[in-house]
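Counting the sequence shown from 1 gives a position; this note's numbering is that position plus 1133.
We put the beta carbon where it would ideally sit given N, CA and C, even for glycine.
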Amino acid sequence: MRSISCLVVSWLFAVTCYSQVTRALVIGIDTYSPPQGIKVSINNDRQTFPNLSGCKNDAIAISSVLQTHFSVSQKNIDTLYNREATRDNIVGKLKQLLDNSRENDLVFLFYAGHGSQVNNSLSSEPDKKDETIVPSNAWTKPGMDITDKELARIFNQFIDKGIKLIAVFDCCHSGSMSRAPVFDMPVSRYIKGSLFDTKDSSGFIPPEQRRDGDFIFLSASQDNESAVEQYDGNGIPHGAFTNAFLQSIYQQGANASVSNLFLAARSILKANGKKQEPVLAGSQKWLFRTLLNSDIQQSSSTVLIPAIGNNKEYIEIGAGYAQELNIGNELICILSGNDTILLRIDTVLSITNSWASVIKGDKSKIKSGQLFEISNWMSRQTPLLSVYFPDHSYSEMDIQKITAIGRILNQQLPKQFINDLSDSDPEISFFFIKGQCWMNDAGRQLVLVKKTDPASLMAIIGKKTFYFDIPLSDKFRNILKNRLGKNANIQIVTNSSEAQYVLFGSLNNNQHLAYGWRRTQATAKDSLENMPVQTRSFSLQENNDFSYSSNSDSLALMAARLSKVRAWLQLTGPKTTELFPYHLELRHKGSNAIIDTMPFRVDDEVTLYLVEEYGALKTSKRKYVYSFIIDKEGTMTLLYPNPSKGNVENRFPQINANSRKENVELINFSIGIPTGTDTYFLLATDEPIQQYALLFNQTGTRSVNVAEDTNPLRDLINLGNEQKTRNISKTPKNWTLSKLSIKTIY
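Take a look at the structure:
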C-alpha cells in the first residue's frame, strides 16, 4: 500500500502537469414557501410554492464527494442553500465563476431544486415555452425563474473562454406520472408553470450542441417527465437521480468515464423502480474521459478522508454517508517513518460526519486535516429491497365483489383489458384505497370514482385501454407480511413512493385472480431493463389459509430474486489504489463487432473477451478472474473459468514469452431468453475462490453453503440470497468488481 503522502504528491504532480483548476458551484433548495407570516403577492400567477426535502442533502453530498473522491479543494467549492439561492445570487455566482476561471480550467455546476416552465411568445418552439430552474425567492414576483435560454447564454460564455463546464440538474419541467395505480404521490421537483411571458427571441446554438468546446450536461429526466425524491438506505431524503449518480460514483470511482457513470446511474435509477429517464448530452470526447475531464489511465480512484477533530472519546471524521462509510470500516494513515494509525468507524452521524476510535497507533499524532484511506470493505446493513402493499381493511367478501367487477369488465371489453404492464401502458388504471375506487387518468390526474358498478365503469372507459388492480384481503395480507418478515433483506414500507416494488392483483389470462410484484412507477418502455417491470403472477386458487400461505411463499421467493438482482447491480466494491486494468467486451462471433449500446438478439452467437485497458501500467498485480452473468429474473450463471479446469488458467495478467496478453478470449456462447438487460460481472481477487462453479451458478435465492471454502468473498457471492438476519459482511481490500449491461431482444 502506498503511503498517503505519496498519493498526495502524485496528485499534486498531475494537477501541475495539466494546469487545470477545478471550481464548483453547488446549489440545493428545499425552502420555497415564503417566510412565516408573509403572503405571496396577488400579482403572482403562482400561489403555491411547495417545499422539498432532499435538495440540500443532495448538494451537501455532491460537495463532499467532489472533495473526497475527486480531490477538489474545499476553498474552490461555492455553495448556495435554501434562501441563499435567490435569482440574483445564482446568476451572480455563475458570473463570478466565469470571471475567476481561465482557459483550460474546469467548472462543475450542480443544481437540485424545483424546475418549471414559463411562457415565451417569441420562442421558436411549438409550445411557446421555456424550461426554467426556480430560485428560492420565486414567490416574490412573476419572472424570477431562470430560463434555459439565460443559462445557455452564460454557459456559452464559459465555452467561448475555453473553460470546461459540466452541469448537473436534478429537477424537472413536467409533473407527469406513471399510468399504473398510484397509492402515494411521490414528491416531484416540479412547480406549476408560470404565465409570465419572457418574450425572448434570442437564437443561438445550445452549448451541448457546440463542437468547439468541452461541455457536459446531465439532467434527472426528460422535459416531459417528473423527477422525484426518494429516501436512501439510511433514511435520508435525496433526489432519485442524485442518489443513483452518487451510487455510480461509489461503485466505479473517480477513474470511471462519464459515459460509464451515466449508464450505471441510469441502471440504479431503474433498479430503484423509477420511471424517469435521465439525459446525458455534450462533447463526445468528454464522454470517454473522467467526470473532471482527465484521461482514464491517469486518474486515481483513491478516496482520501480527513480527520477534523481529536477529542478524548473519539476522532471526528469529515466523511459519512456521502462516502458510503459504514460501522466497522477501517481507515489507515501511514505517517513519516512508516508509523501507522488505524481507525475504526463506530458511528456514522450524517452525510459528512462520523466518529472513529483508534485501534492502532498513537492517537496524539492525529491532527486536523490528516488524510486517511479506507482499508477494508463493509457491506451496508440496510435492506436490499423495499416493497409495499396497502394496509387497508378488506374482507374476503369485499375482494370477491371487486374481482367479480373485474371479470365483467374483462369479458365485456377483452381487447381493452390490460393485465401486464410490461407489454403496454393503459390509458386508465382503476385501483382501491380504503374502500374507495380511484382512477389514474393517463398519468395526468387521480380521480375519485363514486360509482363502481360495471356499467358506470364501462361508461368511463369508453374505447380506452384500462388496468384493474385488485387489493389483498386482510387475512392474506397478514400471512404475506409474516412470510416476508422472515427475510431480513426485504423491508415492507408504509409509503409506496419509498418502495422499489409494489404488490399488484389482477385477473390473469384464465380470468383467475393472481398476485405479483410490479415496479412502483411501472411503464412498458422499461420492460427491457435489468429489473422486470412486472414479475410473473401467482393464481389464488381458493380463499383459505393454505392457498394464502402457498401464494405468499411464491411471492416471497420472487421478492428475494428481485432483491438479489438489485443488490448486485448496486454493489460497491472496495476503494483501492490497486486498479485491475481489464474490462469485459462482448463481440459478435461472426463479425467480431463490439456489442455495447446495441442490443443482442435471442440466438446470437457471441464471444466474451477480457481486454486490457489502453495505457494500463505493466506492473499491475496478478489476480484471479471470474466472470458471471445475472439476468433480470435473478439467475446467476458462471461464464469463466471452465469448472473442469479449476483455478489454473484464470490468473491475469497472463504472461507468455515475456509478453502480456492484452486480449483474451474467455468463452463462446449463444444468447437465450429472457429478453431484457443482462448484467455481466468481472470479479478479480487476490485469492482463488474454491468451488466457484457452485457459487456462481444459482437459479434460486437460497444461500449456498460450501463448508470447505473459507474465502472471505463467499458471503459476498451469496449477496441477496434469503437470510434470517442482516449480518455485516466484511472483506479485505483484495477484490475489484466491474459490470457490463447489454439488452437482449427478439
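For isoleucine 1762, the CB contacts under 8 Å within the same chain, skipping 5 residues up- and downstream, are Met1769, Thr1770, Leu1772, Asp1811, Thr1812, Tyr1813, Phe1814 in chain order. In this structure, alanine 1373 lies away from glutamine 1385, with their beta-carbon atoms at least 9 Å apart. Rounded to whole angstroms, the Cβ separation of threonine 1375 and aspartate 1191 is 4 Å, and the two are in contact under 8 Å. Sixteen is the threshold: when 16 or more other Cβ atoms of the shown chains lie within 10 Å of the Cβ of serine 1381, as they do, the residue is buried. Counting only unbroken stretches of 3 or more residues, the beta strand (DSSP E) elements lying wholly within the stretch 1544-1606 are 1561-1566, 1569-1574, 1578-1582, 1599-1601, in sequence order. Taking a cut-off of 8 Å for Cβ pairs, the stretch 1483-1503 and the stretch 1585-1599 do not touch, as fewer than three such pairs fall below it. In this structure, glutamate 1410 keeps its C-beta atom at 9 Å or more from the C-beta atom of arginine 1422. Contact check between the stretch 1347-1354 and the stretch 1281-1301: three or more CB pairs, one atom from each, fall below 8 Å, which counts as touching. The beta carbon of serine 1256 is closer than 6 Å to none in its chain, skipping five residues each way along the sequence. In this structure, Phe1563 is the residue among Asn1801, Phe1563, Pro1665 with its C-alpha nearest to the C-alpha of alanine 1575.
In this chain, the alpha helix (DSSP H) harbouring arginine 1220 covers 1220-1233.
Nearest to valine 1666 by alpha-carbon distance, out of Asp1553, Leu1690, Leu1579, is Asp1553. The beta carbons of isoleucine 1625 and threonine 1585 sit no closer together than 9 Å. The count of Cβ pairs closer than 8 Å, one atom from the stretch 1233-1247 and one from the stretch 1152-1167, reaches three, so the stretches are in contact. Beta-bridge annotation (DSSP): glycine 1451 is not paired with any residue.
Rounded to whole angstroms, glutamine 1544 and isoleucine 1401 show a C-alpha spacing of 39 Å.
Residues of the same chain with a CB within less than 8 Å of the CB of alanine 1285, apart from the 5 flanking positions on each side, are Phe1337, Pro1339, Pro1340 in chain order. Distance from threonine 1653 to serine 1630 at the Cβ level is roughly 7 Å; contact confirmed, criterion being Cβ atoms closer than 8 Å. For proline 1439, the secondary structure class from DSSP, reduced to helix, strand or coil, is strand. With a cutoff of 9 Å on beta-carbon distance, isoleucine 1465 and glutamate 1506 are scored as near each other. In the assembly as shown, glutamate 1446 is an exposed residue. Its beta-carbon has fewer than 16 other beta-carbons within 10 Å. Where phenylalanine 1829 is concerned, there is no enclosing alpha helix (DSSP H), because DSSP gives it neither an H nor an E.
Residue range 1188-1201 is occupied by the alpha helix (DSSP H) that includes serine 1196, with no beta strand (DSSP E) assigned at that position. A contact between stretches requires three or more CB pairs, one per stretch, nearer than 8 Å, and the stretch 1633-1653 meets this requirement with the stretch 1602-1613. Relative to threonine 1668, the option among Asn1684, Pro1259, Thr1536, Gly1649 whose CA is nearest is Gly1649.
A Cβ-Cβ separation of about 6 Å places arginine 1734 in contact with isoleucine 1878 under the 8 Å criterion. Residue burial annotation: valine 1758 is buried, with at least 16 other C-beta atoms found within 10 angstroms of its C-beta. DSSP, read as helix, strand or coil, puts glycine 1276 in coil. The residue among Leu1328, Lys1274, Asn1253, Gln1200 with its C-alpha nearest the C-alpha of aspartate 1281 is Asn1253. With contacts defined by Cβ atoms closer than 9 Å, arginine 1216 and serine 1269 form a contacting pair. For methionine 1691, no beta strand (DSSP E) run applies; the uninterrupted alpha helix (DSSP H) run containing it begins and ends at 1678-1703, by DSSP.
Boundaries of the alpha helix (DSSP H) around tyrosine 1383: 1373-1385. Annotation: valine 1391 is outside any beta strand (DSSP E); the continuous alpha helix (DSSP H) that includes it extends over 1391-1404.
Within the stretch 1721-1772, the complete beta strand (DSSP E) segments of 3 residues or longer fall at 1738-1745, 1756-1763, listed in chain order. With respect to leucine 1230, arginine 1156 sits close: the two C-beta atoms are nearer than 9 Å. For glutamate 1283, there is no enclosing beta strand (DSSP E); the enclosing alpha helix (DSSP H) covers residues 1281-1293.
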